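Undergrad: Structure below; questions to follow.
2 protein chains.
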Amino acid sequence: MDNQDIRKAGLKVTLPRVKILELLENSTQRHVSAEDVYKMLIDKDEEIGLATVYRVLTQFEAAGLVTRQNFEGGYAVFELDRGGHHDHLVCVVCGKVEEFVDTTIEKRQREIANEHGFEMVDHSLIIYGHCGNPKCHVG
Amino acid sequence: MDNQDIRKAGLKVTLPRVKILELLENSTQRHVSAEDVYKMLIDKDEEIGLATVYRVLTQFEAAGLVTRQNFEGGYAVFELDRGGHHDHLVCVVCGKVEEFVDTTIEKRQREIANEHGFEMVDHSLIIYGHCGNPKCHVG
DNA sequence: AATGGTGATGAGAATCTTTTTCATTACAAG
DNA sequence: CTTGTAATGAAAAAGATTCTCATCACCATT
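In order, the protein sequence lines correspond to chains A and B.
Note that the working numbering has the first sequence beginning at -1, numbered continuously upward.
Note that the working numbering has the second sequence beginning at -1, numbered continuously upward.
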């Protein structure tokens, strides 16, 4: 029950929040910008303001329902936290995004933080490259 | 000779470019935003426009002299590429940045990219946490 | 079911970062 | 020195995100 997730976050169960959560769950794209969410809602004839989309996504992030990533290009993308954490591989040509999890890296990160006197709370790992598509390989 | 670096990048050796490169070399802060660079130049009575700062930093990035990182907060920071590549540890409370290199992670990243059919060209790893400073530890 | 308090929303303005435009200026080759 | 072309500065524009504030909707209580 999604509405419970919203409630658990200390937020009222309102139409915008329900619709945005639904959209994130049903979206084919995992990584959406606030603008994407806004446009998708418009397409579904949901009259939800862009400011509300930003507010709700930020609240969902604070509640741990959603993760925000700062991509190249200077904007953020959001994705639903489906339990499993993962990192990203991004094609620098076509923008295709793939996800991965690697326990070796996950473990080393925590160790590195400790070695530097830090207590890790989060991390962001994005690998940029050329994907398999021949069109994405430079001469 | 720094001016050679500028020349090698196919750029004219102009006062703004020389001053910005100098500043990056002599800055105590390794990670500076375009705004930071602009303000530092103002402090040195160098009348260089903000637009030029952005232009030059972008050109330096393209030339491989400088690296751009998209930090949380929706802005980018730049740092001089002093040969050695490294990743970042950021304190989520005070903003302190430390650098590290870990060969285990570097190697795994390349392997992961290949496993996914990608050819890695770059990556960005930022570990967020609480640094050693007691003030930066939440109750 | 009606009501009221508080939190949520929408529209637009505001803010912040970055890019573009365009007239002027400065390199650097001859 | 002259002169073509690239570079610059100022201001405007663009893009992403946040803020303001009047209005509205959730929901606990009647």
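Glycine residues also receive a C-beta, built at the ideal position from the N, C-alpha and C atoms.
Computed from a predicted structure; not experimentally measured.
1) What is the DSSP secondary structure of F58/B, counted as helix, strand or coil?
2) Taking Q107/A as the query, report the chain B residues whose CB atoms sit under 7 angstroms from its CB, ordered along the chain.
3) Return the CA-CA distance between A61/A and E45/B, expressed in angstroms with no decimal places.
4) Round the Cβ separation of C134/B and G115/A to the nearest angstrom and send it over; I've been treating them as touching at under 8 angstroms.
5) For A7/A, which of helix, strand or coil comes out of DSSP?
6) Using DSSP's beta-bridge definition, name the partner residues of A74/A.
7) Let me make sure I understand the geometry here. Which of Y126/B, R108/B, N112/B, V64/B has the alpha-carbon closest to that of N112/A?
8) Using a Cβ-Cβ cutoff of less than 7 angstroms, which residues in the same chain neighbour P14/A once the five nearest sequence positions on both sides are dropped?
9) Quick one: Cα of A138/A to Cα of P132/B, how far?
10) Compare the C-beta of F76/B with all C-beta atoms of chain A and state if any pair is closer than 8 angstroms.
11) Report the three-state DSSP secondary structure of I124/A (helix, strand or coil).
12) With 8 angstroms set as the bound, which would you pick, yes or no: does the beta-carbon of G93/A sit closer than that to a beta-carbon of chain B?
13) In three-state DSSP terms, what is V99/A?
14) Among N68/B, E59/B, Q27/B, K17/B, which one has its Cα closest to the Cα of D43/B?
15) In three-state terms, what does DSSP make of L22/A?
16) Beta-carbon of G62/A versus every beta-carbon of chain B: anything under 8 angstroms?
17) What does the alpha-carbon distance come out to for the pair V119/B and L63/A?
18) Could you name the residues of chain B that E96/A contacts, counting a contact when the two beta carbons are closer than 7 angstroms?
19) Pick from H121/B, T65/B, V88/B: whose alpha carbon is nearest that of V90/A?
20) If you count every other CB in all the chains shown that lies within 10 Å of the CB of D41/B, and 16 or more means buried, which is it?
21) Determine the direct distance from the alpha carbon of H83/A to that of Q107/A, and round the result to whole angstroms.
22) Output the distance between the C-alpha atoms of V35/A and A74/A, rounded to the nearest integer angstrom.
23) On the criterion of 16 or more Cβ atoms from any shown chain inside 10 Å, does E96/B qualify as buried, or is it exposed?
24) Please tell me whether F69/A has its Cβ less than 8 angstroms away from any Cβ of chain B.
TA: On the basis of the data shown:
1) helix
2) I125
3) 46 angstroms
4) About 10 angstroms; that fails the 8 angstroms criterion.
5) coil
6) N68/A
7) Y126/B
8) I46, T50, V54
9) The structure shown does not extend to residue 138/A, since chain A is modelled only from -1 to 137, so the question has no answer here.
10) no
11) strand
12) no
13) coil
14) K17/B
15) helix
16) no
17) 31 angstroms
18) H114
19) H121/B
20) exposed
21) 14 angstroms
22) 12 angstroms
23) buried
24) yes
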